[in-house]
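J.: Residues in the sequence shown are numbered from 1 upward in steps of one, following this note's numbering.
The beta carbon of each residue, even a glycine, is placed where N, CA and C say it ideally should be.
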Amino acid sequence: MKEEISKYQKKLRLSSSLIEIYPNIEAETHEEFLLKLLRELNHDREEKRRIRNLNNAGFQVLKTLEGYDYSQIRFPDSLSIQELESLSFVDKKENLILYGSVGTGKTHLSVALGVKLISQGKKAVFYRVHDLINQLESKDEKKVSAVYKKIKQADLLILDEWGYLPLHQEGARLLFDIISSCYETKSIIITTNIEFGRWKGFLFDEKLTAAIVDRLVHHSHMLIFTGKSYRMVNSLIK
Numbered sequence: 001m002k003e004e005i006s007k008y009q010k011k012l013r014l015s016s017s018l019i020e021i022y023p024n025i026e027a028e029t030h031e032e033f034l035l036k037l038l039r040e041l042n043h044d045r046e047e048k049r050r051i052r053n054l055n056n057a058g059f060q061v062l063k064t065l066e067g068y069d070y071s072q073i074r075f076p077d078s079l080s081i082q083e084l085e086s087l088s089f090v091d092k093k094e095n096l097i098l099y100g101s102v103g104t105g106k107t108h109l110s111v112a113l114g115v116k117l118i119s120q121g122k123k124a125v126f127y128r129v130h131d132l133i134n135q136l137e138s139k140d141e142k143k144v145s146a147v148y149k150k151i152k153q154a155d156l157l158i159l160d161e162w163g164y165l166p167l168h169q170e171g172a173r174l175l176f177d178i179i180s181s182c183y184e185t186k187s188i189i190i191t192t193n194i195e196f197g198r199w200k201g202f203l204f205d206e207k208l209t210a211a212i213v214d215r216l217v218h219h220s221h222m223l224i225f226t227g228k229s230y231r232m233v234n235s236l237i238k
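Take a look at the structure:
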């Protein structure tokens with residue numbers, strides 16, 4: 001009988017966990033059994049989707065918000081720690097600009113927010129800016145299309161190391177295209193140690209810089225990281 005159940009499970013494209021789930025369900029009526037089975041199958045499917053989204057997000061190291069130290073971050077009046085951790089800014093299609101010196105926890109916070117968003121059943125994608133541009137400049141059209149599709153399907157785009165390396169003109173144009181496509185359709189988090197006045201230095205073009213700043217700053221919150229580099233402090237302690 002199990003073989004026949006497995007056959008219909010595959011034919012109906014139900015979770016392969018069905019065989020493991022149904023023997024453990026206790027119910028007094030057929031309706032109760034069916035309801036519990038469907039709940040378990042739905043939970044199993046959602047959990048697999050979360051794992052898949054986490055694997056596809058591009059995070060090099062997973063981080064969480066547990067124990068995160070906000071004491072060295074200056075928050076704007078428009079956003080509290082509670083609102084940040086609730087991820088309400090994603091629902092509102094608002095952006096975060098995480099500004100501060102290297103090693104102050106900007107990337108950690110951005111990744112932790114992305115991981116939490118994925119745990120809630122949504123999608124986040126993470127790119128270092130230079131890596132993203134390199135992928136978009138690939139001669140493999142399928143790979144380029146896959147990047148655009150991945151970003152389009154995400155609820156949150158995280159752009160790390162914004163301004164760390166200068167872009168050439170075509171790279172700046174590609175970055176502008178990405179920012180424009182996300183404008184008011186999804187949230188963006190950028191991490192940077194470059195103030196707005198110096199963005200022209202890596203974006204190549206003054207008009208392009210102004211257009212990018214305008215789209216990022218509109219509906220955005222800036223968090224200013226004022227602490228010392230965690231990496232430097234830890235290395236000195238050791």
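#1: Quick check on Asn24: buried or exposed, where buried means 16 or more other Cβ atoms within 10 Å of its Cβ?
#2: Please classify Ala146 as buried or exposed, where buried requires at least 16 other C-beta atoms within 10 Å of its C-beta.
#3: Less than 7 Å separating the beta-carbons of Ile81 and Tyr68?
#4: Tell me the DSSP secondary structure of Ala211 in three-state form.
#5: Give the straight-line distance between the Cα atoms of Ile73 and Gly197, rounded to the nearest whole angstrom.
#6: Have a look at Lys93, Gly100, Thr64, Leu132 and flag the residue whose alpha-carbon is nearest the alpha-carbon of Glu85.
#7: Put Gly163 into one of helix, strand or coil per three-state DSSP.
#8: Buried or exposed: which applies to Arg128, given that a residue is buried once 16 or more other Cβ atoms fall within 10 Å of its Cβ?
#9: Just to confirm the assignment: which complete alpha helix (DSSP H) runs, minimum length 4, are found wholly within the stretch 75 to 127?
#10: Does the beta-carbon of Asn95 have 16 or more other beta-carbons within 10 angstroms, so that it is buried, or is it exposed?
#11: Terminal residues of the continuous beta strand (DSSP E) containing Ile25?
#12: With Ser187 and Lys93 assumed to form a contact (beta carbons below 8 Å), what rounded beta-carbon distance in angstroms separates them?
#13: Do Tyr183 and Arg215 have their beta-carbon atoms positioned less than 7 Å apart in this structure?
#14: Could you compute how far the alpha carbon of His130 sits from the alpha carbon of Ile224?
#15: Whole angstroms is fine: what's the gap from Val90's alpha carbon to Ala124's?
#16: Measure from the alpha carbon of Leu159 to the alpha carbon of each residue in Ala57, Ser6, Thr29, then state which is nearest.
#17: Which residue from Gln135, Leu54, Ser180 puts its Cα closest to that of Gln120?
#18: Among the candidates Leu157, Arg52, Lys207, whose CA atom is the shortest distance from the CA of Arg173?
#19: Check this for me: beta carbons of Gln169 and Phe204, under 7 Å apart or not?
#20: Here's the rule: buried if 16 or more other CB atoms are within 10 angstroms of the residue's CB, otherwise exposed. What is His221?
T.: Walking through what the data contain:
#1: The count along the sequence shown starts at 1 and reaches residue 24 at position 24. Counting Cβ neighbours within 10 Å, Asn24 comes out exposed, since fewer than 16 surround it.
#2: To locate residue 146, count along the sequence shown from 1; it is residue 146. Result: exposed.
#3: Along the sequence shown, one-based indexing puts residue 81 at 81. Along the sequence shown, one-based indexing puts residue 68 at 68. Contact flag unset, no.
#4: For this step, residue 211 is matched to residue 211 along the sequence shown. Helix, per DSSP.
#5: Numbered from its first residue, the sequence shown carries residue 73 at position 73. Numbered from its first residue, the sequence shown carries residue 197 at position 197. Going by the C-alpha atoms only, they are around 21 Å apart.
#6: Working through the sequence shown from its first residue, we reach residue 85 at position 85. Comparing Cα-Cα distances from Glu85 to each of Lys93, Gly100, Thr64, Leu132, the minimum goes to Thr64.
#7: In the sequence shown, the residue the question calls residue 163 occupies position 163. Here Gly163 sits in coil by DSSP.
#8: Mapped onto the sequence shown, residue 128 falls at position 128. By the neighbour-count rule (16 or more Cβ atoms within 10 Å), Arg128 is buried.
#9: You should have 81 to 86, 88 to 91, 106 to 119.
#10: Within the sequence shown, numbered from 1, the residue matching residue 95 stands at position 95. That one is buried.
#11: Locating residue 25 in the sequence shown gives position 25, where the first residue counts as 1. Segment: none, Ile25 is in no beta strand (DSSP E) and carries neither H nor E.
#12: Within the sequence shown, the letter at position 187 stands for residue 187. Within the sequence shown, the letter at position 93 stands for residue 93. That belief holds up - the Cβ atoms of Ser187 and Lys93 are roughly 6 Å apart, short of 8 Å.
#13: Mapped onto the sequence shown, residue 215 falls at position 215. Mapped onto the sequence shown, residue 183 falls at position 183. Their beta carbons are under 7 Å apart, which means Arg215 touches Tyr183 by this criterion.
#14: For this step, residue 130 is matched to residue 130 along the sequence shown. For this step, residue 224 is matched to residue 224 along the sequence shown. Each residue's alpha carbon lies about 23 Å from the other.
#15: As a position in the sequence shown, residue 90 is number 90, starting the count at 1. As a position in the sequence shown, residue 124 is number 124, starting the count at 1. Straight-line Cα distance between these residues: approximately 10 Å.
#16: Within the sequence shown, the letter at position 159 stands for residue 159. Of Ala57, Ser6, Thr29, the smallest CA-CA separation from Leu159 is found for Ala57.
#17: Translated into the one-based positions of the sequence shown, residue 120 becomes position 120. Selected option, being the one with the closest Cα: Leu54.
#18: By one-based count along the sequence shown, residue 173 stands at place 173. Taking only the C-alpha atoms, the option nearest Arg173 is Lys207.
#19: Position 169 of the sequence shown, counted from the start, is the residue given in the question as residue 169. Position 204 of the sequence shown, counted from the start, is the residue given in the question as residue 204. In terms of Cβ geometry, Gln169 and Phe204 form a close pair [threshold 7 Å].
#20: Indexing the sequence shown from 1 puts residue 221 at position 221. Label assigned to His221: buried.
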